[in-house]
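The structure under discussion appears below in the form of structure tokens.
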Amino acid sequence: MKKRLQVIGYLGLIIFIVTCIFNKIVNFSDMFSAILMIGSFIMFLPMLIEEIKSVRKFDK
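First residue of the sequence shown: 1, per full-length UniProt numbering; consecutive thereafter.
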């Protein structure tokens, strides 16, 4: 389960970065790219939450 979260999280992060770079280069922003960026950020969130939980466990 944790491996899947990492794969999905990194994929979301890569999609987010590529979409940001594409929007800066082409100066193209529309509803599709906004939805894609929001979706990729949502894909990244579960991995981020798991990493925060593991850091909190490590600190205790």
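All C-beta atoms in this analysis are idealised placements derived from N, C-alpha and C, irrespective of residue type, glycine included.
Predicted model, so just to flag it, every value in this text is computed and none were measured.
Cβ shell of residue i (< 7 Å), same chain only, five flanking positions each side left out
i: L5; result: P46, M47, E50
i: L11; result: M43
Run of the alpha helix (DSSP H) containing residue i, from where it starts to where it stops
i: N23; result: 2-26
i: D30; result: Looking at the DSSP string, D30 is not in any alpha helix (DSSP H), and its letter there is neither H nor E.
Cβ shell of residue i (< 8 Å), same chain only, five flanking positions each side left out
i: F28; result: F22
i: F41; result: G12, F16
Contact set for residue i: own chain, Cβ-Cβ below 6 Å, skip 5 residues either direction
i: residue 85; result: Residue 85 cannot be examined here, being either before or after the span of the chain that is shown, 1 to 60.
Residue i vs residue j beta-carbon contact at 8 Å
i: T19; j: M37; result: yes
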